[in-house]
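Student: Here it is: the structure, laid out below.
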Amino acid sequence: MVKDLIIDEELCIGCGTCSDLCPDVFELNETIEKAYVKNQQACSQCDCEEAINSCPVGAIFWKEE
Ligand code: SF4
2 MVKDLIIDEE
12 LCIGCGTCSD
22 LCPDVFELNE
32 TIEKAYVKNQ
42 QACSQCDCEE
52 AINSCPVGAI
62 FWKEE
């Protein structure tokens with residue numbers, strides 16, 4: 002089962018928590034103040050679950066293909 006890490010841009014408020022916790026995985030586009038997933042593969046090197054659980058608006062989730 003393939004899982005994709007998704008950020009719902011409609012929900013994201015650009016707080017930067019995810020990119021602070023997992024900078025190899027998430028990056029904040031400061032122009033539009035939205036985070037995006039820049040390298041899902043780097044999840045194996047950090048604790049993405051902490052980032053998912055720390056997002057104040059619940060914008061980060063796994064989507065199963
Ligand atoms: Fe957006 Fe959530 Fe990341 Fe904050 S933690 S930048 S609200 S996705």
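When the letters of the sequence shown are read in order and numbered with my numbering, they come out as residues 2 to 66. No residue lacks a Cβ here, since even glycine has one placed at the ideal position from N, Cα and C.
Give the single residue among Val38, Gln42 and Gly15 whose Cα lies nearest to the Cα of Thr32.
Tutor: Checking every option, the nearest Cα to that of Thr32 belongs to Gly15.
Student: Mind checking which residues open and close the alpha helix (DSSP H) that includes Glu51?
Tutor: Cys49 to Ser55
Student: Could you tell me how far apart the beta carbons of Cys44 and Val26 are, in whole angstroms, since I believe they sit closer than 8 angstroms?
Tutor: 6 angstroms
Student: Can you grab the Cα-Cα spacing for the pair Pro57 / Asn40, in whole Å?
Tutor: 21 angstroms
Student: With a Cβ-Cβ cutoff of 9 angstroms, do Ala60 and Asp9 count as a contact?
Tutor: yes
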